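Asks: Please find one structure pasted underneath; my questions will follow.
4 protein chains.
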Amino acid sequence: MSHNTFGHLFRVTTFGESHGPALGCVVDGCPPLIEISPAEIQGFLDKRKPGQSRFTTQRREDDAVKILSGTMEKDGKLLTTGTPIAMLIENTDQRSKDYSEIEAKFRPGHADYTYEAKYGIRDHRGGGRSSARETAARVAAGAIARKIIPGVSIRGALVRMGEIEIDRSRWDWAEIDKNPFFCPDAKAADAMEPYLDGIRKNGSSIGAVIEIVAEGVPAGWGAPIYGKLDADLAAALMSINAVKGVEIGDGMGVAQLTGEQNADEMRKGNDGRPVFLANHAGGILGGISNGAPVVARFAVKPTSSILTPRKSIDRAGNEVDVSTKGRHDPCVGIRAVPIGEAMVACVLADHYLRHRGQVG
Amino acid sequence: MSHNTFGHLFRVTTFGESHGPALGCVVDGCPPLIEISPAEIQGFLDKRKPGQSRFTTQRREDDAVKILSGTMEKDGKLLTTGTPIAMLIENTDQRSKDYSEIEAKFRPGHADYTYEAKYGIRDHRGGGRSSARETAARVAAGAIARKIIPGVSIRGALVRMGEIEIDRSRWDWAEIDKNPFFCPDAKAADAMEPYLDGIRKNGSSIGAVIEIVAEGVPAGWGAPIYGKLDADLAAALMSINAVKGVEIGDGMGVAQLTGEQNADEMRKGNDGRPVFLANHAGGILGGISNGAPVVARFAVKPTSSILTPRKSIDRAGNEVDVSTKGRHDPCVGIRAVPIGEAMVACVLADHYLRHRGQVG
Amino acid sequence: MSHNTFGHLFRVTTFGESHGPALGCVVDGCPPLIEISPAEIQGFLDKRKPGQSRFTTQRREDDAVKILSGTMEKDGKLLTTGTPIAMLIENTDQRSKDYSEIEAKFRPGHADYTYEAKYGIRDHRGGGRSSARETAARVAAGAIARKIIPGVSIRGALVRMGEIEIDRSRWDWAEIDKNPFFCPDAKAADAMEPYLDGIRKNGSSIGAVIEIVAEGVPAGWGAPIYGKLDADLAAALMSINAVKGVEIGDGMGVAQLTGEQNADEMRKGNDGRPVFLANHAGGILGGISNGAPVVARFAVKPTSSILTPRKSIDRAGNEVDVSTKGRHDPCVGIRAVPIGEAMVACVLADHYLRHRGQVG
Amino acid sequence: MSHNTFGHLFRVTTFGESHGPALGCVVDGCPPLIEISPAEIQGFLDKRKPGQSRFTTQRREDDAVKILSGTMEKDGKLLTTGTPIAMLIENTDQRSKDYSEIEAKFRPGHADYTYEAKYGIRDHRGGGRSSARETAARVAAGAIARKIIPGVSIRGALVRMGEIEIDRSRWDWAEIDKNPFFCPDAKAADAMEPYLDGIRKNGSSIGAVIEIVAEGVPAGWGAPIYGKLDADLAAALMSINAVKGVEIGDGMGVAQLTGEQNADEMRKGNDGRPVFLANHAGGILGGISNGAPVVARFAVKPTSSILTPRKSIDRAGNEVDVSTKGRHDPCVGIRAVPIGEAMVACVLADHYLRHRGQVG
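Protein chains in written order, with my numbering: chain A, 5 to 364; chain U, 5 to 364; chain H, 5 to 364; chain D, 5 to 364.
And the structure:
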């Protein structure tokens, strides 16, 4: 990962600011003859889109994706041709809202100060390039990535919101779409509703943990030593806005395990193939998938756009206070679920092609 | 990161197996005219070297590093020339120990099975390429990286070993070298000694958490969106053997913070420059350093080489039991401290050069 | 260079087919605070645009470029912000011309057969991805690249068309814009006019040689061993459609020189700095610029779209004859001049940033 | 290509100076289970080695290659394991010859001045990193590359030495090993002998053209637009020391062809598969192989180490004269033949793996 591109054989470049004419991505290295469905891509984008419930920002963004290249209709199907697939999402609402305050002041916890420190200039309108709007392009790329590895199911869930953690014994994937939090534990979801309402009404915000599970990944994807599957997953997930921690399998918790507890034992499965009796490793050993589900988790910090004034400075170096009125996501972690899925899909598609390249 | 190379402008390629003739690295992109001290590089390697106390494996490895290229003596100094610096560490002890059992059986928790699944062949002797011995080359590269960013201090500490976590109020860097654990809390270190003795005597093992702190990093290093400093740190640390979780700043803990708690407030410092009143962000906002110390943490799993037999299979697919007699690290996390420092040094050196390239 | 991206720090990704909705590029790694002029970018595109004289194809393409990201207006200037600059050129004329013949038959000398052989599918409309229309995006990127290295002048000229070669003693840059061939020798240009008219009227085509000269490049850009300035120039120029040969300085001619003739001697210049008394090396020694003008040349083959039928096969493997009626460029080399300039500009901008990164 | 590494999936990093302790390479991305023969690798190195005849430098270099990693013996065979293959060539003769003159003065036509201008320091001993000795590592890598694409035959020939060009009608591959020039035309080789003797005795030098032919490359390797097979070949060949021009197929000569002459016509072959009736394209169309032999040519300049004094400057900026006494290659192009073969092998192996990755 470097600059605005990630991936090695399956390579995604994104561009665009929150309030420019458009944002989008170029998906390069996609195999040919893969059937693409614009409606399906749009479906993933809609999942990420704001305004789906009272718990996400009420901004109106259509996020209508347009494919500009790399595909061709044949026999009624839209097929990839092996050339780069550019996708565009126009910013329909670039109205001249008054951003003068944001221009002058650095919002604590945001990237305002660091962009300014690095570049000496920043597009402050709606966060510019650092806006989570950029992730719409990732989700579009992720929809293509899924088609490359059709046997792999990639699903995400919100497993913690602030104080509320799910009970894993109640995990039910079917619950994911029944609550506005992508939460797999119905009881926890019930508790999240009033909890997040309280936070939202206070103009506050709260963090979250998202878990992505990829099933159907065969043993052998990934590579030592710096092309490790888990290293690429860590980079991909850490690159999502507001993420501060990434875990594979038992994650930070392995520090408290003994060797006896941690080693996932193996037996012969019913089909004669090896099975793991546990999955502390999250499906990855030595940087290479082992055939068990790939399990990755990441923590999303609470948005810094809150009502309570925070101490800061302005561009001139003066001390100021900053508070954010108006619409915002009380828990940005919710919308990070489809984004995390997309990133995992892209990394897996890339490693699948890399594996096929080196090993055949 | 990809294949056996990481970095973009400051680029490190490592090679070598545990029991081959030698291992080493090629450090490419190092600026010219930087003074290198072989003794200093050796010093870092010695810190990582096994056999320093009864708490690390008693194997004898000299880890004597030899510089093959990229430097030149001038006026009594050894200077880099801008060309690739190859460093070699010969494997002095490649004796024909009996590895036949390890060859046939997959050790649970190790990379035996996944290497075999990927490549259809693996160098089983001492773990081959997946052995932690590879990290000696990283430490050598890290020693070079430090010289490129002389104003930056990079120090690591073991902050948790199994049940024992340090008390941050007792953090004292001076303690690091006074105990065999790189532990900054003298009291915790005292507790770790009998704790780890117990584990060692049982032939068991335990996990750990390591924290790396880089002070002196100016605001502006790193880059959106996929060249984020924290994304590269995450990949670099996750690529270390046995690491399963990576955190920046408050890490996974941000999920339990409110926006008010999480936003690091800013004021004007005594020198008129901005200062942060807290560092939940671990020195990185929007993927770019903010001038506060860069704080990264990672969790190392317990080694799977333990005395208690574990269920596994062999190459033929038969169910077997595996146990590991003899010398091993009861807590591999200890020796991960200098490795983590080296990885952070390499990432920072790379981002420094990239920043200088793009912004000047 | 790999996939649809080239460059290391200054990185250009292009996308789009001849007859898709749009084509464009993402310019990544551009330094911030550089003033960009859309009119100036458009000026370079217009130079490449077809239909400028009777000697280029009469197709109507507006090639109007639209900047989608990476810039911001400040104090009446359009400034780069350091984030990726996406540029879009919509294909205004995608009418459903009958391409069924081209779909079924492989045009000899074109990429029809190889795309089909590689991908099992190809966008045949107007050549799809292999159309020279893609080069419009390169020219837009090149216009940005020039702004990064303001002290460097990059100019191209057509120095041979079929049998007609220029006389270097008559080289006059002022002539370039006075004839429709970008030819620096007025007398040769006079001869080219009837010559090319004859070729055009016969429905034939002819090859050409283009020379690009970059003045103002300081000594020190480029790098051993695989980051050589000339190696990157060779790749960049060879990647232009229809190019089959690339030369630096005396190029293929060095094979006939003795060491005495070839070694560019050096003396102290009037300003005390080293000057070269000749430039057989084309400004590059050991892959690094030496301060003399960088001189690169490339040969463009005649387009294979000609009136005379040529033997070929169709997708079903049947033997067929192919001829191309209608509008085409009798000498595609003419329009390759601004494309060559753009590629050299991009390579130099990239190497400037890389040099600044490694050496400061 | 960038820094000291080239290739994308099959990736070669070289290191080392002419007079350091050792030089070598790391070959990364090699598929597993490929049988490697050290003797065979050594054979290619011996072909490049100086001192094979009176027409190459009389320096003694053993160039004995040692494999350090990435292979394993199994059932009496040395097999690749998929991990990086490091190869080392020790510099046996690093005696303290007096290089003080070379240190102070810039040899015209050499990289002395540009290395100094770039880095402010250079290893002057024997040319340091810019010495052709580095190419020994490439030849070793090329020997591995050949094993990855066993159906492909890669052979090189010297087709021009100064005034003497071969007659293609007399081309006979069997002649290559019968004369000291790798010349496929016996009669031309006869003429080269006295011609080069004259040049050698005068302490002069002469340029050459080398042609590499790869047979057995199937249609479909390579990729648009910046991953073109010919673009990568151009970079790879231009990166060889002293190369100033690269051609594919008819190369620079295409400028003088008409469309009728240039378009390689196609017919159905005896086996029903497409055949080309000519090969002006050198086996590559649109950056992708077409199944015809891949033909690449490159021009090597005469070495600048000659007896006749040349004007130059020294490090202090004073005007001086430089001449080179003693052993040198009167035609470095001869030894460039195995180097060119190696580079073509590496590029083809890389593109084979990339094709397999993207297309399967």
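Here a beta-carbon is modelled for each residue, glycine too, at the ideal position from N, C-alpha and C. Being a predicted model, the structure only gives us computed values, none of them experimental.
Secondary structure at SER134 of chain D, three-state DSSP: helix, strand or coil?
Replies: To locate residue 134 of chain D, count along the fourth sequence from 1; it is residue 130. If DSSP states are grouped into helix, strand and coil, SER134 of chain D belongs with the helices.
Asks: I want to verify the contact list: residues of chain A whose CB lies under 9 angstroms from the CB of ASN8 of chain U, in sequence order.
Replies: Start at 1 with the first residue of the second sequence, and residue 8 of chain U comes out as number 4. Within 9 angstroms Cβ-Cβ: ALA227, PRO228, ILE229, TYR230, GLY231.
Asks: Check whether chain H comes within 7 angstroms of GLU107 of chain D, counting only Cβ atoms and requiring the distance to be less than that.
Replies: Position 103 of the fourth sequence holds residue 107 of chain D. With 7 angstroms as the cut-off, GLU107 of chain D does not count as an interface residue toward chain H.
Asks: So, for THR61 of chain U: in the same chain, excluding its five sequence neighbours on each side, which residues have a beta-carbon less than 6 angstroms away from its beta-carbon?
Replies: For the purposes of this step, residue 61 of chain U is taken as the residue at position 57 of the second sequence. Result list for THR61 of chain U: PRO54, ARG331, HIS332, ASP333, in chain order.
Asks: Is ARG164 of chain D closer than 7 angstroms to ALA285 of chain H when the C-beta atoms are compared?
Replies: Within the third sequence, the letter at position 281 stands for residue 285 of chain H. Within the fourth sequence, the letter at position 160 stands for residue 164 of chain D. The answer is no: Cβ separation not under 7 angstroms.
Asks: Counting pairs of Cβ atoms below 8 angstroms between the region 218 to 230 of chain A and the region 145 to 156 of chain A, do you hit three or more?
Replies: Yes, the region 218 to 230 of chain A is in contact with the region 145 to 156 of chain A.
Asks: Can you name the residues of chain A whose CB is closer than 8 angstroms to the CB of ARG358 of chain D?
Replies: Taking the first residue of the fourth sequence as 1, we reach residue 358 of chain D at position 354. Those are LEU13, GLY361, listed as they occur along chain A.
Asks: Under 7 angstroms, do TYR356 of chain U and ASN8 of chain A count as touching if we go by C-beta distance?
Replies: Position 352 of the second sequence, counted from the start, is the residue given in the question as residue 356 of chain U. Position 4 of the first sequence, counted from the start, is the residue given in the question as residue 8 of chain A. Not closer than 7 angstroms, so no.
Asks: Contact between the region 10 to 17 of chain H and the region 71 to 88 of chain U is defined here as three or more beta-carbon pairs at a separation below 8 angstroms; is this criterion met?
Replies: As far as the Cβ criterion goes, the region 10 to 17 of chain H does not touch the region 71 to 88 of chain U, which means the pair count is below three.
Asks: What number of angstroms, rounded off, separates the C-alpha of GLU21 of chain D from the C-alpha of VAL30 of chain U?
Replies: As a working note, residue 21 of chain D is residue 17 in the fourth sequence. As a working note, residue 30 of chain U is residue 26 in the second sequence. Those two C-alpha atoms are separated by around 13 angstroms.
Asks: Within the same chain, show all residues whose beta-carbon is closer than 6 angstroms to that of GLY146 of chain H, passing over the 5 residues directly before and after it, in chain order.
Replies: One-based indexing of the third sequence puts residue 146 of chain H at position 142. Correct list, in chain order: ALA346, ALA349, CYS350.
Asks: Identify which residue in H:ALA227, H:LEU237, H:ARG204, H:ALA144 has its Cα closest to the Cα of VAL217 of chain H.
Replies: If you number the third sequence from 1, residue 217 of chain H lands on position 213. Closest by alpha carbon: H:LEU237.
Asks: Rounded to the nearest angstrom, what separates SER173 of chain U and ALA190 of chain U at their Cα positions?
Replies: Against the second sequence, residue 173 of chain U aligns to sequence position 169. Against the second sequence, residue 190 of chain U aligns to sequence position 186. The alpha-carbon atoms of SER173 of chain U and ALA190 of chain U are separated by roughly 11 angstroms.
Asks: If we ignore side chains and look at the alpha-carbon of each, how far apart do GLU44 of chain A and GLN56 of chain A end up?
Replies: Translated into the one-based positions of the first sequence, residue 44 of chain A becomes position 40. Translated into the one-based positions of the first sequence, residue 56 of chain A becomes position 52. Approximately 18 angstroms, taken between the alpha carbons.
Asks: With which residues is PHE59 of chain H paired in a DSSP beta bridge?
Replies: One-based indexing of the third sequence puts residue 59 of chain H at position 55. Answer is none; PHE59 of chain H lacks a bridge partner.
Asks: Does the beta-carbon distance from ILE210 of chain U to CYS34 of chain U come in below 7 angstroms?
Replies: Counted from its first residue, the second sequence places residue 210 of chain U at position 206. Counted from its first residue, the second sequence places residue 34 of chain U at position 30. Going by C-beta atoms, ILE210 of chain U is not nearer than 7 angstroms to CYS34 of chain U.
Asks: Might you give, ordered along the chain, the residues of its own chain that have their beta carbon closer than 7 angstroms to the beta carbon of LEU162 of chain D, omitting 5 neighbours on each side?
Replies: Residue numbering aside, residue 162 of chain D sits at position 158 when the fourth sequence is read from its first letter. These residues qualify, in order along the chain: PHE185, PHE186, CYS187, ALA212, ILE214, GLY337, ILE338, VAL341.
Asks: Taking all protein chains shown into account, do 16 or more other C-beta atoms lie within 10 angstroms of the C-beta of ASN322 of chain H, making it buried, or fewer, making it exposed?
Replies: Numbered from 1 along the third sequence, position 318 holds the residue referred to as residue 322 of chain H. The residue is exposed, with fewer than 16 neighbouring Cβ atoms inside 10 Å.
Asks: If you reduce the DSSP assignment to three classes, tell me which class CYS29 of chain H lands in.
Replies: What you label residue 29 of chain H is simply residue 25 of the third sequence in a count that begins at 1. The answer is strand: DSSP assigns CYS29 of chain H an E or B state.
Asks: Cβ of TYR103 of chain A versus every heavy atom of the ligand COA: is any distance shorter than 6 angstroms?
Replies: Questions concerning the ligand COA fall outside what the structure shown contains, since it holds no ligand whatsoever.
Asks: Are three or more beta carbon pairs between the region 131 to 143 of chain H and the region 243 to 251 of chain H nearer than 8 angstroms?
Replies: Yes, the region 131 to 143 of chain H touches the region 243 to 251 of chain H.
Asks: Name the residue from H:GLY257, H:ALA353, H:PHE59, H:PRO42 whose alpha carbon lies nearest to the alpha carbon of ASP201 of chain H.
Replies: Numbered from 1 along the third sequence, position 197 holds the residue referred to as residue 201 of chain H. Nearest option by C-alpha distance: H:PHE59.
Asks: State the DSSP-derived secondary structure class of GLY124 of chain D, mapped to helix, strand or coil.
Replies: Here residue 124 of chain D refers to the residue found at position 120 when the fourth sequence is read from its first residue. Looking at GLY124 of chain D - three-state DSSP - the assignment turns out to be coil, as it is neither helix nor strand.
Asks: Could you please tell me which residues of the region 15 to 38 of chain H, in chain order, have their CB closer than 7 angstroms to any CB of chain U?
Replies: The residues in question are GLY33, PRO35, PRO36.
Asks: Any residues in the region 74 to 91 of chain U with a beta carbon nearer than 8 angstroms to a beta carbon of chain H? Which ones, in chain order?
Replies: The region 74 to 91 of chain U vs chain H, Cβ under 8 angstroms: GLY86, THR87.
Asks: Using a beta-carbon distance below 7 angstroms, is GLY344 of chain D in contact with chain H?
Replies: On the fourth sequence, position 340 is the one that residue 344 of chain D refers to. By this cut-off, GLY344 of chain D is not an interface position.
Asks: Would you say LEU233 of chain U and SER316 of chain U are within 7 angstroms of each other, going by their C-beta atoms?
Replies: Position 229 of the second sequence, counted from the start, is the residue given in the question as residue 233 of chain U. Position 312 of the second sequence, counted from the start, is the residue given in the question as residue 316 of chain U. Contact flag unset, no.
Asks: Could you give the first and the last residue of the continuous alpha helix (DSSP H) run that contains ARG52 of chain H?
Replies: Working through the third sequence from its first residue, we reach residue 52 of chain H at position 48. Where ARG52 of chain H is concerned, the enclosing alpha helix (DSSP H) stretches over 42 to 52.
Asks: Could one say the Cβ of LEU261 of chain H lies closer than 7 angstroms to chain A's Cβ atoms, at least one of them?
Replies: Locating residue 261 of chain H in the third sequence gives position 257, where the first residue counts as 1. Output row for LEU261 of chain H: interface = no.
Asks: Name the DSSP bridge partner or partners of PRO278 of chain A?
Replies: Residue mapping note: residue 278 of chain A aligns to position 274 of the first sequence, counting from 1. Per DSSP, A:LYS272.
Asks: Could one say the Cβ of LEU49 of chain A lies closer than 7 angstroms to chain H's Cβ atoms, at least one of them?
Replies: As a first step, residue 49 of chain A is located in the first sequence; it is residue number 45 there, counting from the start. By this cut-off, LEU49 of chain A is not an interface position.
Asks: Within 10 Å of its beta-carbon, does SER327 of chain D have 16 or more other beta-carbons around it, so buried, or fewer, so exposed?
Replies: For the purposes of this step, residue 327 of chain D is taken as the residue at position 323 of the fourth sequence. SER327 of chain D comes out exposed.
Asks: Note down, in chain order, each residue of its chain lying with its Cβ closer than 6 angstroms to the Cβ of ARG389 of chain A, except the 5 sequence neighbours on either side.
Replies: The first residue shown for chain A is 5 and the last is 364, placing residue 389 of chain A beyond what the model contains.
Asks: Can you name the residues of chain U whose CB is closer than 7 angstroms to the CB of PHE110 of chain A?
Replies: Start at 1 with the first residue of the first sequence, and residue 110 of chain A comes out as number 106. Under the 7 angstroms cutoff, chain U gives MET270.
Asks: Compute the distance between the beta-carbons of VAL299 of chain D and GLY249 of chain D, then report whether it is under 7 angstroms.
Replies: One-based indexing of the fourth sequence puts residue 299 of chain D at position 295. One-based indexing of the fourth sequence puts residue 249 of chain D at position 245. No.
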